[in-house]
Amino acid sequence: MTDILIVDDDPHIREVINFALEKANFSVTHARDGQQALSLFKESTYQLIVMDINMPEMDGLECCQQIRKTSDIPILFLSSRDDEIDRILGLEIGGDDYVTKPFSPRELVARVKAILKRTQLTKSPPATTNEENRFNHGLLSLNIEQHMAWWDEQPVSLTAIEFSILTQMIKQPKYVYSRDAIMDGAYQHNIVVSDRTIDSHIRHIRQKFADNGCDSIILTQHGVGYKLSPCC
1 MTDILIVDDD PHIREVINFA LEKANFSVTH ARDGQQALSL FKESTYQLIV MDINMPEMDG
61 LECCQQIRKT SDIPILFLSS RDDEIDRILG LEIGGDDYVT KPFSPRELVA RVKAILKRTQ
121 LTKSPPATTN EENRFNHGLL SLNIEQHMAW WDEQPVSLTA IEFSILTQMI KQPKYVYSRD
181 AIMDGAYQHN IVVSDRTIDS HIRHIRQKFA DNGCDSIILT QHGVGYKLSP CC
């Protein structure tokens, strides 16, 4: 059974989410703030975190930053309607999606399922899977079904959004993508984010591949957008 960690300082919100997720056959654990969430995260294994942004003790943004130091677990943020800046920051620092309060429990469950579908991880090499789900570009390899990326046969860990961006590019490696095109391809449910958020995702992708020996995975076409490097 899929284990999900709910992090929110409002017990009523936690109960609403708990009821919706358990009805969808998920196993649920609660945390009242970021500090407790970190403690639980270190002690147990979860497949996804649903986390409020504004909380006492440690807010969701700081908690996400701490988790991202060691893990790429999917994080779905909850945010108030007037917290646009926090939502943008949440996506920039590694959040996979967000739901705005007040929210529909049905929509939240749908978002959770969509994220989990995109982020089913496995350590199996790409050669063992369906060829239709594999894309290769030089030393870069992606397996869409497994949500896995490799550079020169070495695995590269990406968040769901980062993987979606790279998937979009590897399918048409000669195409130059504007920020709007990247946003439309990487985000679902008509989410609109700033150009700065897209730039931040690109920067994170570049850094992760640079750490694995690739210094130019994505090129900047000034005044237009981004494209996959032909030297991959």
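If you're matching positions, the sequence shown starts at 1 in the working numbering and goes up one per residue. Quick reminder that beta carbons are idealized off the backbone N, C-alpha and C, glycines included.
For Q221, the enclosing beta strand (DSSP E) begins and ends at 218 to 221. Annotated as proximal: M55 and D9, with beta-carbon spacing under 7 angstroms.
Rounded to whole angstroms, the gap between the alpha carbons of K208 and S157 is 8 angstroms. The stretch 154 to 171 makes contact with the stretch 199 to 215: 3 or more CB pairs, one atom from each, lie closer than 8 angstroms. For G225, the uninterrupted beta strand (DSSP E) segment begins and ends at 225 to 228.
Collapsing the DSSP output to three states places D97 in a strand.
By the criterion of at least three beta-carbon pairs nearer than 8 angstroms, the stretch 55 to 68 is not in contact with the stretch 161 to 175.
Of the candidates S44, D152, F19, the residue whose Cα lies closest to the Cα of D215 is D152. DSSP, reduced to helix, strand and coil, places S27 within a strand of the structure shown.
S141 is bridged by DSSP to N136, W150. Per DSSP, the beta-bridge partners of I4 are V28, L48. A straight line joining the alpha-carbon of S79 with that of V99 spans about 6 angstroms.
V193 sits in coil when the DSSP states are folded into three classes, being neither helix nor strand.
Per DSSP, the beta-bridge partners of L76 are V50, D97. Assignment of alpha helix (DSSP H) within the stretch 151 to 178, counting only whole runs of 4 or more residues, yields 160 to 171 in chain order.
Residue state for N212 is assigned as coil, using DSSP reduced to three classes.
I73 sits away from D96, with the two beta carbons spaced by 7 angstroms or more. A distance below 7 angstroms separates the beta carbons of I170 and H137. Secondary structure of F19 (DSSP, three-state): helix. Here R111 is buried. Its C-beta has 16 or more other C-beta atoms within 10 Å. A149 places its beta carbon less than 7 angstroms from that of L142. With distances taken between CA atoms, G34 lies nearest to E62 out of S27, S229, E62.
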